[in-house]
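Number of protein chains: 2
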Amino acid sequence: MGKVLLAGVGATPIGEHWEKSLRDLMVDASLNALRDAGVEKKNVDAIFVGNMSSGYLQGQEHLGSLLATWLGIPGVAAHKVEAACASGGAAVHDAFMAVKSGLYDCVLAVGVEKMTDASTDQLTSALIMADDQEYTAFAGFSFVALNALVYRAYMDKYGAKQEDIALFAVHDHEHAVHNPLAQYRRAVTLDAVLSSPLVADPLHLLECAPTGDGAAALLLCSEEKAKELGLKPEVEVAASALATDVLSLHDRDDLTTLNATLRAAERAYKIARVEPKNVDVAEVHDAFTVLGVIHLEDLGFAKKGEGWKLVKEGEIEAGGKIPVNMMGGLKARGHPVGATGVYEVYDAALQLLGRAGKNQVEGAEVALAQNVGGVGGTVAVTILRRVR
Amino acid sequence: MGKVLLAGVGATPIGEHWEKSLRDLMVDASLNALRDAGVEKKNVDAIFVGNMSSGYLQGQEHLGSLLATWLGIPGVAAHKVEAACASGGAAVHDAFMAVKSGLYDCVLAVGVEKMTDASTDQLTSALIMADDQEYTAFAGFSFVALNALVYRAYMDKYGAKQEDIALFAVHDHEHAVHNPLAQYRRAVTLDAVLSSPLVADPLHLLECAPTGDGAAALLLCSEEKAKELGLKPEVEVAASALATDVLSLHDRDDLTTLNATLRAAERAYKIARVEPKNVDVAEVHDAFTVLGVIHLEDLGFAKKGEGWKLVKEGEIEAGGKIPVNMMGGLKARGHPVGATGVYEVYDAALQLLGRAGKNQVEGAEVALAQNVGGVGGTVAVTILRRVR
Numbered sequence: 000m001g002k003v004l005l006a007g008v009g010a011t012p013i014g015e016h017w018e019k020s021l022r023d024l025m026v027d028a029s030l031n032a033l034r035d036a037g038v039e040k041k042n043v044d045a046i047f048v049g050n051m052s053s054g055y056l057q058g059q060e061h062l063g064s065l066l067a068t069w070l071g072i073p074g075v076a077a078h079k080v081e082a083a084c085a086s087g088g089a090a091v092h093d094a095f096m097a098v099k100s101g102l103y104d105c106v107l108a109v110g111v112e113k114m115t116d117a118s119t120d121q122l123t124s125a126l127i128m129a130d131d132q133e134y135t136a137f138a139g140f141s142f143v144a145l146n147a148l149v150y151r152a153y154m155d156k157y158g159a160k161q162e163d164i165a166l167f168a169v170h171d172h173e174h175a176v177h178n179p180l181a182q183y184r185r186a187v188t189l190d191a192v193l194s195s196p197l198v199a200d201p202l203h204l205l206e207c208a209p210t211g212d213g214a215a216a217l218l219l220c221s222e223e224k225a226k227e228l229g230l231k232p233e234v235e236v237a238a239s240a241l242a243t244d245v246l247s248l249h250d251r252d253d254l255t256t257l258n259a260t261l262r263a264a265e266r267a268y269k270i271a272r273v274e275p276k277n278v279d280v281a282e283v284h285d286a287f288t289v290l291g292v293i294h295l296e297d298l299g300f301a302k303k304g305e306g307w308k309l310v311k312e313g314e315i316e317a318g319g320k321i322p323v324n325m326m327g328g329l330k331a332r333g334h335p336v337g338a339t340g341v342y343e344v345y346d347a348a349l350q351l352l353g354r355a356g357k358n359q360v361e362g363a364e365v366a367l368a369q370n371v372g373g374v375g376g377t378v379a380v381t382i383l384r385r386v387r
Numbered sequence: 000m001g002k003v004l005l006a007g008v009g010a011t012p013i014g015e016h017w018e019k020s021l022r023d024l025m026v027d028a029s030l031n032a033l034r035d036a037g038v039e040k041k042n043v044d045a046i047f048v049g050n051m052s053s054g055y056l057q058g059q060e061h062l063g064s065l066l067a068t069w070l071g072i073p074g075v076a077a078h079k080v081e082a083a084c085a086s087g088g089a090a091v092h093d094a095f096m097a098v099k100s101g102l103y104d105c106v107l108a109v110g111v112e113k114m115t116d117a118s119t120d121q122l123t124s125a126l127i128m129a130d131d132q133e134y135t136a137f138a139g140f141s142f143v144a145l146n147a148l149v150y151r152a153y154m155d156k157y158g159a160k161q162e163d164i165a166l167f168a169v170h171d172h173e174h175a176v177h178n179p180l181a182q183y184r185r186a187v188t189l190d191a192v193l194s195s196p197l198v199a200d201p202l203h204l205l206e207c208a209p210t211g212d213g214a215a216a217l218l219l220c221s222e223e224k225a226k227e228l229g230l231k232p233e234v235e236v237a238a239s240a241l242a243t244d245v246l247s248l249h250d251r252d253d254l255t256t257l258n259a260t261l262r263a264a265e266r267a268y269k270i271a272r273v274e275p276k277n278v279d280v281a282e283v284h285d286a287f288t289v290l291g292v293i294h295l296e297d298l299g300f301a302k303k304g305e306g307w308k309l310v311k312e313g314e315i316e317a318g319g320k321i322p323v324n325m326m327g328g329l330k331a332r333g334h335p336v337g338a339t340g341v342y343e344v345y346d347a348a349l350q351l352l353g354r355a356g357k358n359q360v361e362g363a364e365v366a367l368a369q370n371v372g373g374v375g376g377t378v379a380v381t382i383l384r385r386v387r
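Chains as they are written, first to last, in numbering that gives the first Met the number 0: chain E, 0 to 387; chain D, 0 to 387.
Written out as C-alpha cells, the structure is:
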C-alpha cells in the first residue's frame with residue numbers, strides 16, 4: 000500500500016463569525032485546502048465532515064451533501080462524522096481509511112463548528128452530549144465540571160500545583176500572538192489566569208478553551224493520484240488511529256490518564272513506525288489546562304505525574320524536549336469543537352512545511368496531533384512526517 | 000485485496016420501544032449480530048454507528064464510545080456516521096472501507112434511531128434537517144412536503160396514476176405480515192391507502208413510512224480474520240458505494256430521478272461486477288410510495304417513467320422480474336431513519352442466507368440494498384453476493 004499524502008491544508012480564522020454561516024465556513028476552508036494543494040475540485044472523490052452539534056445548534060444535518068453541493072461537486076461520496084470533540088480527528092481517520100482502502104484517491108477531511116450564535120445554556124447542553132446523557136447529564140454535571148474533577152484528582156494524586164498546571168494556558172497564549180488564525184492573539188500572565196473567575200472549581204476561566212466558530216480542511220491523496228496530478232506533497236499522513244475508552248469518568252479506575260490516548264497513540268506509533276522520542280512537535284487537546292499536562296504523559300513525552308514539569312521547565316517550547324501547541328492550542332488558537340481535530344493536524348502540518356512563522360520549530364520532520372472526544376471517550380492520533 | 004465477508008446480522012423489532020433506550024437498542028442489535036456470527040465481542044476492532052438525530056432527540060452524541068462502552072469493548076475504534084436517512088448505509092460504507100483498508104479486520108456497522116418518544120413537532124424539525132435549513136426549512140417546507148412535490152412532478156411527467164403508485168404500500172404491507180421484526184404486520188388494501196388522510200397533497204398517510212424505534216447491526220470480517228476464527232460466512236459484501244447530489248430539489252433539473260442513486264448504483268455495480276439484471280432481490284428506500292417507484296428506475300430495473308408498471312404487473316413479487324422489499328420495506332417493516340440503511344442490508348442478507356421464511360426468494364445469489372438520505376442528497380448502495 001502506498002503512502003497517504005497531505006496535498007494541501009486550509010482553514011478559516013477562529014472567532015465570532017457573525018457574517019458567515021456554517022456552510023460558508025466549511026466551504027471557505029475546503030477551497031483554501033484545494034488552492035493550497037493546487038488541485039481542482041473536480042479531482043475530489045470523497046469528503047468526510049467532522050462536526051458535533053450542527054443538528055442541535057443550527058438545525059442542520061446532512062453536512063456531507065451540503066458541503067458537496069456548495070463546493071460545486073455534488074456526486075462525490077460524503078458524510079458527516081461525529082465523535083464529540085474528536086469529530087475532526089475521526090474525519091481525518093475516515094479520510095485516511097478511504098485512501099488506504101483504494102476506494103478513493105483524493106479526499107477532503109473537513110472539520111467545522113459554529114458555536115457563537117448559541118446561548119450559554121444551549122452550549123452547555125450541546126457539550127454535555129459528549130458524555131452520558133442519562134447518567135452524567137441527568138445528574139447535573141456540565142462538561143466543565145467533569146474536567147474539574149479530573150483536575151482535582153490529578154493534583155491530589157501527583158502533588159502538582161495549580162500554578163504549574165495553569166502555565167499551559169500562558170504558553171498557549173504566548174504562541175497564539177503569532178498565529179493569524181488564532182481566536183485570542185494576546186499573551187496572558189499566570190496571575191491573570193489564576194485570578195480569572197472560577198468556572199468549576201478549581202478551573203479558572205482562562206484555563207478553559209473558548210467557544211468559537213471555524214473550519215479547517217485537509218486534502219489527502221494517494222501516491223498514484225499525486226503523480227497523476229503532478230503534485231509533490233512534502234508531507235505524508237504516516238498514521239491515523241482512533242480509540243475509545245469507557246465514556247464516563249464514573250466507570251474509570253484512574254481519572255488522571257486517558258486510556259483512549261494510550262491506545263490510539265500505541266497504534267499510531269506502530270503504524271508510523273516511530274516512538275515518542277522521534278516526534279519533533281506535537282499538538283495536544285488542551286481543552287482544559289490539566290488535560291494538556293495529562294496528554295504529555297499519555298503520549299509518552301513525560302513520565303506519569305510529571306507532565307507539568309515539562310511545562311514549568313520550558314521543555315514544551317521550541318528547542319525544548321517536545322515543543323507543543325506552537326500555534327496556540329485549544330486555549331488560544333481556539334476550539335470550535337468538531338473542527339478542532341482538523342485544526343490540530345493543520346497546525347502540525349505548518350511545522351513540517353516550514354510555514355509556522357515565528358512559532359516555527361526548526362527542522363521538524365515528525366509531528367503528532369492528538370484530538371480528544373468527551374473526557375477521553377474517544378481519542379484520535381494523527382502522525383505526519385516529511386516525505387523523504 | 001480479499002473479500003469483505005458478512006459474518007453475522009442482528010436487529011431489534013421496529014416499533015415503539017418505550018421500555019428500551021437508544022443505547023439498549025444498539026447494544027441489543029450488536030449482540031444479536033455477534034451471536035449470529037458466533038464471534039466473541041473481543042474480536043471486534045471497530046464500530047461505525049449510523050444515526051441521524053440522537054443529539055436533537057435524545058441529547059446524546061458520542062454514540063461510538065457509548066456503544067463500545069455498553070458492549071463492554073471500550074478500546075475499539077468507533078464513531079457515529081450521519082448522512083440523514085442514509086446514515087445507516089453510510090455506516091455500512093465506512094465498515095466496508097475499514098476492512099478494505101487493511102486497518103481493521105472485524106467491524107460492526109450499526110444503525111440506530113429512537114423516534115417515538117418525540118412529539119410530532121420535534122420529529123418534523125428533526126427530519127427537515129436532512130434538507131437545507133436556511134433555504135428549504137426557513138421557507139416552511141416539511142420533509143413530507145418535499146416528497147409530495149416529487150410525487151406531483153412524477154405523475155405529471157410520466158402520466159402515472161396515483162392508484163398504481165400507491166400499490167407500492169400495499170405490496171410492502173403484504174410482506175411485513177411475515178416479518179417478525181416489522182412494525183406493521185398487517186395487510187392494507189389500496190382503498191385503505193387512498194382513503195387514508197392526506198399528509199401533504201397528494202401523499203396519503205399510508206403512502207408514507209412511519210416513525211419508529213429500532214437498531215440493526217452487521218458484522219463484517221476480512222477473509223483472513225474469518226479463517227482465523229474458523230468462520231465460513233455464506234455472504235460477502237461485494238460492493239458498497241456512496242454518492243451525493245445537490246442537497247435540495249430547487250437546485251435540480253429533474254425532480255423525478257435521483258442522480259445520487261444513478262451514481263452510487265453505477266459505482267456499486269462496477270465494484271461488484273454485476274449488472275441490474277443479475278440482481279435477484281432488492282431493498283429500496285420507499286420512504287414514500289413514489290420514491291419506491293423512482294428507485295426501481297434509477298437502479299436500472301425499469302425504464303424511466305415505467306417503474307410503476309413493475310409494481311402493477313406483479314414484477315416486484317417473488318418470481319417476478321425483480322422482487323423488492325420482500326420483508327416490508329420502509330413502509331411496513333419500518334423506518335427508524337438512521338437505522339434503515341442497516342435494516343435494508345439485514346433484510347437483503349436474509350434472502351441470501353435462505354432465512355426469509357414466507358418472503359423467501361428462492362435461489363437468490365445477488366441482493367442489492369439502496370438507502371437514501373434527504374430527498375436524494377445522499378444515496379448508499381450495497382451489493383451482497385453468496386460466496387461461491
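Don't be surprised by glycine CBs; every beta carbon is placed ideally from N, CA and C.
Please identify the residue among D/A281, D/L351 and D/V341 whose C-alpha is closest to the C-alpha of D/G319.
Answer by Cα proximity: D/A281.
To the nearest angstrom, how far is the alpha carbon of D/L248 from that of E/Q59?
One C-alpha to the other measures close to 16 Å.
Along the chain, where does the alpha helix (DSSP H) containing E/I164 start, and where does it finish?
Its alpha helix (DSSP H) spans residues Q161 to I164.
For the beta strand (DSSP E) that D/N42 lies in, which residues bound it at each end?
No beta strand (DSSP E) holds D/N42; DSSP gives it neither H nor E.
Suppose the cutoff is 8 Å on Cβ atoms and the five residues either side in sequence are ignored; what does the same chain contact list for D/T256 look like?
Hits under 8 Å: I293, E296, D297 and K303.
Name the chain E residues whose beta carbon is nearer than 7 Å to that of D/P73?
Residues of chain E passing the Cβ test: T243, D244 and V245.
Please classify E/E112: does DSSP put it in a helix, a strand, or coil?
In the structure shown, E/E112 sits in a strand (DSSP, three-state: E or B).
List the DSSP bridge partners of E/G14.
DSSP lists E/D212 as partners of E/G14.
Since D/S239 is in the beta strand (DSSP E), which residue starts that stretch and which ends it?
D/S239 -> beta strand (DSSP E) spans V234 to T243.
Comparing C-alpha positions only, which one of D/N50, D/L62 and D/P12 sits nearest to E/T243?
Nearest of D/N50, D/L62 and D/P12 to E/T243, Cα basis: D/L62.
With a threshold of 8 Å between beta-carbons, can E/R262 be considered close to chain D, or not?
With 8 Å as the cut-off, E/R262 counts as an interface residue toward chain D.
Looking only at its chain, what residues have a beta carbon closer than 6 Å to the beta carbon of E/K224, apart from the 5 residues adjacent to it on each side?
Hits under 6 Å: D104 and C105.
Among all the DSSP beta bridges, which residues are the ones paired with D/L5?
In the DSSP output, where bridge partners are listed per residue, D/L5 has D/L219 and D/V234.
Please identify the residue among D/E173, D/D35 and D/V344 whose C-alpha is closest to the C-alpha of D/A331.
It is D/E173 whose Cα lies nearest to the Cα of D/A331.
List the whole-angstrom C-beta distance separating D/A181 from D/A175, where the pair is believed to meet the contact cut-off of C-beta under 8 Å.
With 8 Å as the limit, D/A181 and D/A175 qualify as a contact, their Cβ atoms being about 4 Å apart.
Just checking, does the stretch 198 to 215 of chain E make contact with the stretch 0 to 18 of chain E on the three C-beta pairs under 8 Å criterion?
Cβ pair count under 8 Å is three or more, so yes.
Taking C-alpha atoms, which residue in E/E361, E/L66, E/L290 and E/S195 lies nearest to E/V378?
Looking at the Cα atoms, E/L290 is the closest of the given residues.
Which partner residues of E/V360 appear in the DSSP bridge assignment?
In DSSP, E/V360 forms no bridge with anything.
So, are the CB atoms of D/Y150 and D/L193 less than 8 Å apart?
Cβ atoms of D/Y150 and D/L193: not closer than 8 Å.
Does the beta carbon of D/M51 come closer than 8 Å to any beta carbon on chain E?
Chain E contact via Cβ: present.
Pairing CB atoms from the stretch 36 to 48 of chain D with CB atoms from the stretch 77 to 97 of chain D, are three or more of them under 8 Å?
Judged by Cβ distances under 8 Å, the stretch 36 to 48 of chain D makes contact with the stretch 77 to 97 of chain D, as three or more pairs qualify.
Which residues mark the beginning and the end of the beta strand (DSSP E) in which D/Q369 is found?
Where D/Q369 is concerned, the enclosing beta strand (DSSP E) stretches over V365 to G372.
In chain order, what residues of the same chain lie with their CB nearer than 8 Å to the CB of D/I127, ignoring the 5 residues before and after it?
If we look at D/I127 and ignore the five residues flanking it on each side, its Cβ neighbours are T135, A136, F140, S141 and F142.
Can you give the beta carbon distance from E/V380 to E/A263, rounded, assuming they're within the 8 Å contact cut?
With a Cβ gap of about 4 Å, E/V380 and E/A263 count as contacting.
Cutting at 6 Å between CB atoms, please list the residues of its own chain near E/E222, excluding the five before and the five after it.
Correct list, in chain order: G1 and K2.
Excluding sequence positions up to five away, which residues of its chain have a Cβ less than 8 Å from the Cβ of E/G375?
Correct list, in chain order: D244, L257, N258, A259 and T260.
Would DSSP call E/E227 helix, strand or coil?
Three-state DSSP puts E/E227 in a helix.
May I ask you to verify whether the stretch 94 to 114 of chain D touches the stretch 11 to 31 of chain D, counting CB pairs closer than 8 Å and requiring at least 3?
At 8 Å Cβ cutoff, the stretches touch.
In the structure shown, what three-state DSSP assignment does E/E296 receive?
In this structure, E/E296 counts as helix in the three-state DSSP scheme.
Helix or strand or just coil, what does DSSP make of D/A36?
Note: D/A36 maps to helix in three-state DSSP.
Let's see if you can read the secondary structure: which residues bound the beta strand (DSSP E) around E/K79?
Counting along the chain, the beta strand (DSSP E) containing E/K79 begins and ends at A76 to E81.
Go ahead and label E/G362 buried or exposed: buried means 16 or more other beta carbons lie within 10 angstroms of its beta carbon, across all protein chains shown.
By the neighbour-count rule (16 or more Cβ atoms within 10 Å), E/G362 is not buried but exposed.
Find the nearest neighbour of E/G101 within the set D/A355, D/I270 and D/A338, judged by alpha-carbon distance.
The option with the nearest alpha carbon to E/G101 is D/I270.
When Cβ atoms are compared, which residues of the stretch 55 to 73 of chain E fall closer than 7 Å to chain D?
Here the close residues are Y55, Q57, G58, Q59, E60, H61, G63, S64, L65, A67, T68 and P73.
Given a threshold of 16 other Cβ atoms within 10 Å of its Cβ, counted over all protein chains shown, does E/P73 qualify as buried or as exposed?
Classification for E/P73: buried.
Hey, does D/K99 have any beta-carbon neighbour from chain E nearer than 8 Å?
With 8 Å as the cut-off, D/K99 counts as an interface residue toward chain E.
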